[in-house]
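There are 2 protein chains.
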Amino acid sequence: MRINAEDERNYLQTVFDKLGFRKEDGALIADTLVDADLRGISSHGIQRLYWYRSMINDGIIVPQNHAKILKELPGAVLVDANQNMGHLAASLAMDKVIEKAKQIGVGIGVVRNSNHFGIAGYYVRKALDAGLSGIALTNTRPLVVPTNATEAFLGSNAFAFGFPASPHPFVFDGATSVVAGGKIQLADKKGIELPGNWVVDKNRQVVKDPKEAESILATAAFEEEQKGGGLLTLGGSEVNSNYKGMGNSIVVEILTGILAQGSISADTNTGKHDFSQFVFAFDPAFFGDVETLKANATSMFNRIRHLNHVPGKTIWVPGDREYKNLAENQKHGVDIDAKTIEQMREIADDLQIEMPAEV
Amino acid sequence: MRINAEDERNYLQTVFDKLGFRKEDGALIADTLVDADLRGISSHGIQRLYWYRSMINDGIIVPQNHAKILKELPGAVLVDANQNMGHLAASLAMDKVIEKAKQIGVGIGVVRNSNHFGIAGYYVRKALDAGLSGIALTNTRPLVVPTNATEAFLGSNAFAFGFPASPHPFVFDGATSVVAGGKIQLADKKGIELPGNWVVDKNRQVVKDPKEAESILATAAFEEEQKGGGLLTLGGSEVNSNYKGMGNSIVVEILTGILAQGSISADTNTGKHDFSQFVFAFDPAFFGDVETLKANATSMFNRIRHLNHVPGKTIWVPGDREYKNLAENQKHGVDIDAKTIEQMREIADDLQIEMPAEV
Numbered sequence: 001m002r003i004n005a006e007d008e009r010n011y012l013q014t015v016f017d018k019l020g021f022r023k024e025d026g027a028l029i030a031d032t033l034v035d036a037d038l039r040g041i042s043s044h045g046i047q048r049l050y051w052y053r054s055m056i057n058d059g060i061i062v063p064q065n066h067a068k069i070l071k072e073l074p075g076a077v078l079v080d081a082n083q084n085m086g087h088l089a090a091s092l093a094m095d096k097v098i099e100k101a102k103q104i105g106v107g108i109g110v111v112r113n114s115n116h117f118g119i120a121g122y123y124v125r126k127a128l129d130a131g132l133s134g135i136a137l138t139n140t141r142p143l144v145v146p147t148n149a150t151e152a153f154l155g156s157n158a159f160a161f162g163f164p165a166s167p168h169p170f171v172f173d174g175a176t177s178v179v180a181g182g183k184i185q186l187a188d189k190k191g192i193e194l195p196g197n198w199v200v201d202k203n204r205q206v207v208k209d210p211k212e213a214e215s216i217l218a219t220a221a222f223e224e225e226q227k228g229g230g231l232l233t234l235g236g237s238e239v240n241s242n243y244k245g246m247g248n249s250i251v252v253e254i255l256t257g258i259l260a261q262g263s264i265s266a267d268t269n270t271g272k273h274d275f276s277q278f279v280f281a282f283d284p285a286f287f288g289d290v291e292t293l294k295a296n297a298t299s300m301f302n303r304i305r306h307l308n309h310v311p312g313k314t315i316w317v318p319g320d321r322e323y324k325n326l327a328e329n330q331k332h333g334v335d336i337d338a339k340t341i342e343q344m345r346e347i348a349d350d351l352q353i354e355m356p357a358e359v
Numbered sequence: 360m361r362i363n364a365e366d367e368r369n370y371l372q373t374v375f376d377k378l379g380f381r382k383e384d385g386a387l388i389a390d391t392l393v394d395a396d397l398r399g400i401s402s403h404g405i406q407r408l409y410w411y412r413s414m415i416n417d418g419i420i421v422p423q424n425h426a427k428i429l430k431e432l433p434g435a436v437l438v439d440a441n442q443n444m445g446h447l448a449a450s451l452a453m454d455k456v457i458e459k460a461k462q463i464g465v466g467i468g469v470v471r472n473s474n475h476f477g478i479a480g481y482y483v484r485k486a487l488d489a490g491l492s493g494i495a496l497t498n499t500r501p502l503v504v505p506t507n508a509t510e511a512f513l514g515s516n517a518f519a520f521g522f523p524a525s526p527h528p529f530v531f532d533g534a535t536s537v538v539a540g541g542k543i544q545l546a547d548k549k550g551i552e553l554p555g556n557w558v559v560d561k562n563r564q565v566v567k568d569p570k571e572a573e574s575i576l577a578t579a580a581f582e583e584e585q586k587g588g589g590l591l592t593l594g595g596s597e598v599n600s601n602y603k604g605m606g607n608s609i610v611v612e613i614l615t616g617i618l619a620q621g622s623i624s625a626d627t628n629t630g631k632h633d634f635s636q637f638v639f640a641f642d643p644a645f646f647g648d649v650e651t652l653k654a655n656a657t658s659m660f661n662r663i664r665h666l667n668h669v670p671g672k673t674i675w676v677p678g679d680r681e682y683k684n685l686a687e688n689q690k691h692g693v694d695i696d697a698k699t700i701e702q703m704r705e706i707a708d709d710l711q712i713e714m715p716a717e718v
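Protein chains in written order, with this note's numbering: chain W, 1 to 359; chain A, 360 to 718.
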């Protein structure tokens, strides 16, 4: 069903109030979820609310805690999320990094003791809104099998990068693995076989049944007792350089879990359930006139969009789909799947609040 | 044939002297080439010498010019390679960035008016040698077809990242495309079909014949008149997320050609033949005790190496192969292919210098 984005925001804000978040913290988390739904990245929108609430009930997320800056240099900041949501600490870290980049050209920040932070692209767009270019990274639950391995160890580890352009910025945002887990759930909902080589079993045989794939990933991500298999790295097979996908994924592990001295993805399903994040921003204006750089980037993207291509196919530059979805969903409301609506109703009943109306 | 690495270095130093480089510039370029050959990355070793010399003869590389710093902020530097080799300007940029990272935690540098800079990993190891973590990027000739496109536009755009570990650092270094062009030449030399989905023709059909693939790439890289096709992005097919590989490649284009206001890869085969580079370093010591971070990273890599795996296969962590090659080649000499030896002889004859002896 479709609901108005502002109704979604009000619903979320009310839920986060009731769950014990500070007003401004709830508003920020709500904004990231609405933003994801507006951009059609519904895997990271309001459908996460039910999971967030269960982690609050389990004491993994503590809404009353506040993120704090532990340490600062002119170019770097270390933030403690203090077991509250990653959204809050990553925003704080990116705000500090933006200040630094405006003063000295560049800044980096690491967030420890964190939780899920929504879409990585949200923090990159904060940098873009400030006229800068930025990167945001997070580790995740263990889902991904390294080259030649038969068990999951690495996270699906998100990478987002943004750079100014017209009519909208370049925003590349996604899991470093071949696909994010959400794509498999989508295939299951549609009742189709997995179209690509996405998941392998404990013998490293490609799994085509979405239900079997979901079971493999759920076990890898959430159980201490493992049964093997998981998501492939980008590249898929060794002959198609899946070790490059593994390399990208390990780089994110290093810049998040290792730098933060938190759990690496492999250890987030046992003991401490913490994630870590990394943010980076720099000021393109140092390197040249920003309007010129932006025009040059725009020209490159337009040339890519209009290259000779397979008849009937479109060449999408990263960000194109999301900004197209944004324009449509701002007009028609965000589309929320039936299962999520059901979970929203359950939460509304429990907290005695109103459900958003269908548009 | 195998030659001693020190003999290779002396030969190269003498050649670079004769070609008009400053003593210290020739020594640095020689060091990067020997380093690549020692690590088994022979595609970026002495086999590039003949190409470098032809570009010097064509006036694309000017050995008498000196790289210079155009602009500096506490966290950023812009370097003009002044049409000399990329190795010289990228080293200068990384040296400045290392200084910055030691003072304020982080630094970034962009190099414009540059040429080929050898292996990206060389500059990352400079950061590692200074106790830091680093990144180095370069754009290249146009070789890579974006998702759904039927002509090359993006570069094979190298990405290297390093982080301290024992017994050797983590060094992830390679083209962002599914493979580097060198792998196709290797298949051709071996007389085998291309084992993976690496190159497509103008109809986006996968090419298995290495000679046809080489012809497609040579045309894409060096001719103004194009015939279509090129290297695939990592991921290969759309259903296996080749737009993620495209995204990684575009990120490198932005941070190199766009930021430097130089040619993007697509324009390096016409007009100005310049490449651009980007370097980054940060100080892990800001985030925690370096020995602890290094031990934690080492432990993660060891766990990856020992995961359950396909029987008979090895799980290599990025850097493992190169450091293994380094140990072997330091002992037995570097292995140089017959064609390169022939080219080295031609240069030796022209410049009236001695060839290195076979070991």
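Glycine included, every Cβ here is placed at the ideal spot set by N, Cα and C.
Proximal residues of chain A, C-beta to C-beta of Met85 of chain W below 8 angstroms: Chain A residues near Met85 of chain W: none, gap ~21 angstroms exceeds 8 angstroms.
Bridge partner(s) assigned by DSSP for Gln636 of chain A: Paired residue(s): A:Val470, A:Thr497.
Asp129 of chain W beta carbon near the ligand ATP (any heavy atom closer than 7 angstroms): Although the ligand ATP was asked about, the structure shown includes no ligands whatsoever.
Residue-level contact to chain A via CB, Val207 of chain W, 8 angstroms cutoff: With 8 angstroms as the cut-off, Val207 of chain W does not count as an interface residue toward chain A.
For Thr340 of chain W and Lys190 of chain W, the rounded distance between their alpha carbons: Taking the straight line from one Cα to the other gives about 16 angstroms.
Secondary structure of His87 of chain W, DSSP reduced to three states: Here His87 of chain W carries a helix assignment [DSSP, helix/strand/coil].
Met94 of chain W at chain A interface by Cβ criterion, 8 angstroms: Output row for Met94 of chain W: interface = no.
Ala160 of chain W vs Ala297 of chain W beta-carbon contact at 8 angstroms: Not a contact, by the Cβ cut-off of 8 angstroms.
Proximity to Asp267 of chain W [Cα-Cα], best of W:Gln47, W:Ala152, W:Gly182, W:Lys96: Closest option to Asp267 of chain W, Cα to Cα, is W:Ala152.
Alpha-carbon spacing of Asn148 of chain W relative to Arg141 of chain W, whole angstroms: Spanning the alpha carbons of Asn148 of chain W and Arg141 of chain W requires a straight line of approximately 20 angstroms.
Assumed close pair Leu137 of chain W, Val252 of chain W - CB separation to whole angstroms, cut-off 8 angstroms: About 5 angstroms; that satisfies the 8 angstroms criterion.
Candidates W:Leu12, W:Gly75, W:Tyr243, of which the one nearest Trp675 of chain A by Cα: Considering only alpha carbons, the answer is W:Tyr243.
Backbone CA spacing between Thr629 of chain A and Gly514 of chain A [nearest angstrom]: Rounded to whole angstroms, Thr629 of chain A to Gly514 of chain A spans 14 angstroms at the Cα level.
Within 8 angstroms, strictly: CB atoms of Glu322 of chain W and Arg39 of chain W: Contact flag set, yes.
Distance between Asp454 of chain A and Gln423 of chain A (C-alpha atoms, nearest Å): Gln423 of chain A and Asp454 of chain A have their alpha carbons spaced roughly 21 angstroms apart.
Neighbour flag for Phe153 of chain W against chain A, beta carbons, 8 angstroms: With a threshold of 8 angstroms between beta carbons, Phe153 of chain W makes contact with chain A.
CB contact check: Leu217 of chain W to chain A, cutoff 8 angstroms: Not closer than 8 angstroms to any Cβ of chain A, the Cβ of Leu217 of chain W fails to qualify, so no.
Expected contact under 8 angstroms - CB spacing of Val448 of chain A and Ala440 of chain A to nearest Å: Checking the sequence, you will find Ala at residue 448 of chain A rather than Val. Between Ala440 of chain A and Ala448 of chain A the Cβ distance is about 3 angstroms, and since that is below 8 angstroms, they are a contact.
Opposing strand residues paired with Thr14 of chain W [DSSP bridges]: Beta-bridge pairing links Thr14 of chain W to no other residue.
Supposed close pair Val62 of chain W, Gly109 of chain W - CB separation, criterion 8 angstroms: Actually they do not touch by this definition, with Cβ atoms about 21 angstroms apart.
Inter-residue CB distance, Val558 of chain A and Leu590 of chain A (contact presumed, cutoff 8 angstroms): About 6 angstroms; that satisfies the 8 angstroms criterion.
Members of the segment 250–277 of chain W near chain A, C-beta cut-off 9 angstroms: Result list: Ile250, Val251, Glu253, Ile254, Leu255, Gly257, Ile258, Leu259, Ala260, Gln261, Ile264, Ala266.
Neighbour flag for Arg125 of chain W against chain A, beta carbons, 8 angstroms: Not an interface residue.
Selected residue, minimal CA-CA separation from Ser54 of chain W, among W:Arg125, W:Leu19, W:Lys102: Just measuring C-alpha positions, the residue of W:Arg125, W:Leu19, W:Lys102 sitting nearest Ser54 of chain W is W:Leu19.
Nearest-angstrom Cβ-Cβ length linking Ser91 of chain W and Leu28 of chain W, presumed shorter than 8 angstroms: That belief holds up - the Cβ atoms of Ser91 of chain W and Leu28 of chain W are roughly 6 angstroms apart, short of 8 angstroms.
Supposed contact pair Tyr122 of chain W and Asp35 of chain W - C-beta distance, whole angstroms, cut 8 angstroms: Yes, Asp35 of chain W and Tyr122 of chain W are in contact; Cβ-Cβ is about 6 angstroms, under 8 angstroms.
Span separating the alpha-carbon of Lys690 of chain A from that of Lys485 of chain A: Spanning the two alpha carbons is a distance of roughly 23 angstroms.
Among W:Arg2, W:Ile304, W:Leu70, nearest to Phe645 of chain A - alpha-carbon criterion: Closest by C-alpha distance to Phe645 of chain A, out of W:Arg2, W:Ile304, W:Leu70, is W:Leu70.
Near-chain A residues of the segment 303–317 of chain W - C-beta to any C-beta below 8 angstroms: Listed by position along the chain: Arg303, Ile304, Leu307, Asn308, His309, Val310, Lys313, Thr314, Ile315, Trp316, Val317.
Gly533 of chain A, enclosing beta strand (DSSP E) - first and last residue: Gly533 of chain A -> beta strand (DSSP E) spans 529–534.
Chain A contact residues for Tyr243 of chain W, given Cβ-Cβ distances below 8 angstroms: Under the 8 angstroms cutoff, chain A gives Trp675, Pro677.
Cβ of Phe641 of chain A within 8 angstroms of any chain W Cβ: Yes, contact with chain W.
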